[in-house]
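These protein sequences, in sequence, are chains A and B. Reading the first sequence from the start, the letters are residues 1 to 281 in the UniProt record's numbering. Reading the second sequence from the start, the letters are residues 1 to 281 in the UniProt record's numbering. No residue lacks a Cβ here, since even glycine has one placed at the ideal position from N, Cα and C. A quick note: this is a predicted structure, and the numbers were derived from the prediction, not measured.
Number of protein chains: 2
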Amino acid sequence: MNVTIIGLGLIGGSLALSLRQHGLAQRIVGVEQSAAHAQRALELALVDEIETDLAAAVSQADLIVVAVPMDAMVTVLPPVLDAVAAHQVVIDVGSTKQALLAAVAQHPNRGRFVAVHPMAGTEHSGPDAAIAGLFEGKTVVLCDADRSDADALHIVEQLFHALPMRLLYLDGADHDLHTAYVSHISHITSFALALTVLEKEKEEQRIFDLASGGFESTVRLAKSSPATWVPIFRQNRLNVLDVLDEHLHQLQHLRDLLAKEDYTGLTEQIQQANHIRKILP
Amino acid sequence: MNVTIIGLGLIGGSLALSLRQHGLAQRIVGVEQSAAHAQRALELALVDEIETDLAAAVSQADLIVVAVPMDAMVTVLPPVLDAVAAHQVVIDVGSTKQALLAAVAQHPNRGRFVAVHPMAGTEHSGPDAAIAGLFEGKTVVLCDADRSDADALHIVEQLFHALPMRLLYLDGADHDLHTAYVSHISHITSFALALTVLEKEKEEQRIFDLASGGFESTVRLAKSSPATWVPIFRQNRLNVLDVLDEHLHQLQHLRDLLAKEDYTGLTEQIQQANHIRKILP
């Protein structure tokens with residue numbers, strides 16, 4: 001299979017490595033707006049070739065992967081679909097789905113598009129962040145799969161089965177709600193935690209000599225790029241606000257229990273929180 | 001060296017394994033309130049023997065380690081100090097220090113005590129959670145070290161150097177402020193995040209099929225035991241409230257920027273949060 005990947009960052013680059021490692025791509029063409037990233041993607045052998053003309057890059061591929069930030073996704077996907085022929089398949093790998101699905105809902109080539117979200121990532125970005133095993137054993141969500149042509153869907157299912165990933169089918173609205181809970185809120189919390197400690201650091205230079213595993217684990221996501229995350233928060237704004245309000249409510253409740261020294265209440269809340277073990281054993 | 005460890009949970013048990021692995025303890029006696037944990041500590045060979053009489057356990061040891069939850073720490077440490085002779089050394093391994101240091105400030109054997117906080121842990125508890133390499137390469141804080149006898153301090157320094165750990169010296173007040181930032185607040189945030197998603201789970205059964213690395217990383221600490229953490233929050237209440245209020249302020253600010261669609265402001269805040277890279281590269 002010949003593959004064209006538009007956007008050679010963490011996700012696009014990792015997919016390139018995975019496809020090659022599993023013998024799923026014979027030739028990979030990359031499209032990348034940043035000249036520095038394009039050059040680096042060649043050096044890292046993520047792609048065989050860089051193509052600057054989008055239509056030319058699309059015409060050469062059996063599979064076209066759109067792996068740009070979510071704000072660019074809604075403008076890049078329609079012209080890609082304009083250019084595809086009946087045998088070609090297009091996927092995105094974006095973190096929000098409703099806006100993107102709406103942008104192409106009436107497109108005459110809608111059937112050639114399969115909306116895909118591989119639930120994997122790191123706090124790093126750009127071609128240097130690409131990792132061959134990033135997707136292995138993780139879940140990939142296929143959204144509104146009934147709107148894709150059966151043959152296109154089958155090709156995409158075979159591909160992600162082979163990585164191997166676990167396939168999950170959701171409609172776009174459910175996808176965006178669920179990712180607000182399991183991904184987007186964690187990032188907001190982590191950004192706020194980093195801002196909290198950085199605020200204190202102004203006064204206390206040596207405070208972070210103590211940074212240990214627990215802190216690193218909760219604040220790791222705060223290294224993530226705004227170019228990736230602001231468009232995600234923008235496209236999933238109402239769900240993120242909904243979850244964030246619940247989170248603020250829970251934090252405020254814990255704060256109030258501690259302020260009034262209700263240690264029985266605090267113990268009960270932590271026991272309740274411990275039930276997360278049934279979700280993440 | 002003969003060692004007595006009072007409290008055979010995650011920290012006491014891990015220290016037993018580390019001391020033995022590095023040939024630092026010839027014989028380890030354990031004191032443990034829970035009969036089940038005492039039995040398990042023997043099965044796991046964390047200790048050679050369980051002693052139920054505290055004074056007898058103390059009298060046999062060159063080094064006595066008090067590794068009980070912080071609420072028990074302030075009641076257990078004074079009678080331990082009552083029982084020690086001039087050649088013996090006592091350490092705690094607790095996560096808060098000011099209340100404990102105050103509890104023994106006027107004790108006639110204060111000099112035999114060295115206040116120690118190894119900055120390492122996991123979300124698990126009990127003897128089964130003990131890990132031999134838990135402390136390796138981590139930081140250990142020695143608090144108010146000038147209040148310990150020189151020979152006692154020297155023995156403790158040699159011991160933690162051998163594990164090996166990086167030694168840091170702080171007074172009790174600075175320790176408690178700094179741990180509020182780098183450890184205690186991460187736990188509160190994680191508990192609140194777990195409560196947030198568990199609240200939503202009542203409505204949405206399948207939401208957590210999607211749980212991925214980022215979520216797991218931020219919510220992992222929410223598995224931690226209230227028996228460990230409520231006493232820590234209690235003893236460090238004012239510092240924790242101070243940090244928590246700053247964190248609530250930062251979260252509310254991010255929420256307001258998203259609510260009013262100020263994406264430039266949101267980008268600036270995330271760029272600011274990214275500076276956490278200079279603390280955790």
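Query	Result
Hey, is the stretch 212 to 225 of chain A in contact with the stretch 240 to 247 of chain B, meaning 3+ C-beta pairs nearer than 8 Å?	no
Between which two residues does the beta strand (DSSP E) holding A/Y169 run?	R166 to L170
DSSP three-state call for A/N2: helix, strand or coil?	strand
Could you please give the first and the last residue of the uninterrupted alpha helix (DSSP H) stretch that includes A/I270?	Y263 to A273
Which of helix, strand or coil does DSSP assign to A/G214?	helix
Tell me, which residues are paired with B/I50 by DSSP?	B/G30
Only counting the same chain, and skipping five residues up and downstream in sequence, which positions put a Cβ closer than 7 Å to that of A/L193?	T218, V219 and A222
How close, in whole Å, do the beta carbons of B/G30 and B/V47 come, if the pair is a contact with beta carbons under 8 Å?	4 Å
Please return the same chain residues whose Cβ sits closer than 6 Å to the Cβ of B/L17, not counting the five positions on each side in sequence.	A130 and A132
Could you check the C-alpha separation between A/R40 and B/I185 for me, to the nearest Å?	39 Å
Have a look at A/T52, A/D92 and A/Q60 and flag the residue whose alpha-carbon is nearest the alpha-carbon of A/G12.	A/D92
Find the residues of chain B that neighbour A/Q250, judging by a C-beta separation of less than 7 Å, and give them in chain order.	A192, L195 and T196
Below 8 Å CB to CB, which residues in the same chain sit around A/I270 once its five sequence neighbours on both sides are set aside?	none
In this structure, does DSSP put B/A115 in helix, strand or coil?	strand
State buried or exposed for B/R277, treating a residue as buried only when at least 16 other CB atoms are found within 10 Å of its CB.	exposed
In three-state terms, what does DSSP make of B/D144?	coil
Using a Cβ-Cβ distance under 8 Å, would B/V114 count as near chain A?	no
List the residues of chain B that A/P226 touches, going by C-beta distances under 7 Å, in chain order.	T267, I270 and Q271
Which residue wins for smallest C-alpha separation from B/P118, given the options B/C143, B/G126 and B/Q106?	B/C143
Taking 8 Å as the CB-CB cut-off, is B/I232 touching chain A?	no
Would you please verify whether the beta carbon of A/I276 is less than 8 Å from any beta carbon of chain B?	yes
Using DSSP with H/G/I as helix, E/B as strand and the rest coil, what is residue 284 of chain B?	Since the first and last residues shown for chain B are 1 and 281, residue 284 of chain B lies out of range.
Rounded to whole angstroms, how far is the Cβ of A/T196 from the Cβ of B/H247, which I believe are closer than 8 Å?	4 Å
Mind checking whether B/A83 and B/A55 have CB atoms under 8 Å apart?	yes
Against A/F215, what residues of chain B qualify as contacts under a CB-to-CB distance less than 7 Å, listed in chain order?	V182, S183 and S186
Kindly indicate if chain A contains any beta-carbon less than 8 Å away from that of B/K200.	yes
Just grab the DSSP bridge partners of residue 345 of chain A for me.	Past the boundaries of the shown model lies residue 345 of chain A; chain A is included only from 1 to 281, so the question cannot be answered.
Do the stretch 254 to 268 of chain A and the stretch 19 to 34 of chain B meet, that is, are 3 or more Cβ pairs less than 8 Å apart?	no
Less than 8 Å between the beta carbons of A/F160 and A/L170, yes or no?	no
Whose C-alpha, out of A/A162, A/S224, A/M165 and A/K97, is nearest the C-alpha of A/S190?	A/S224
Here's the rule: buried if 16 or more other CB atoms are within 10 angstroms of the residue's CB, otherwise exposed. What is A/Q250?	buried
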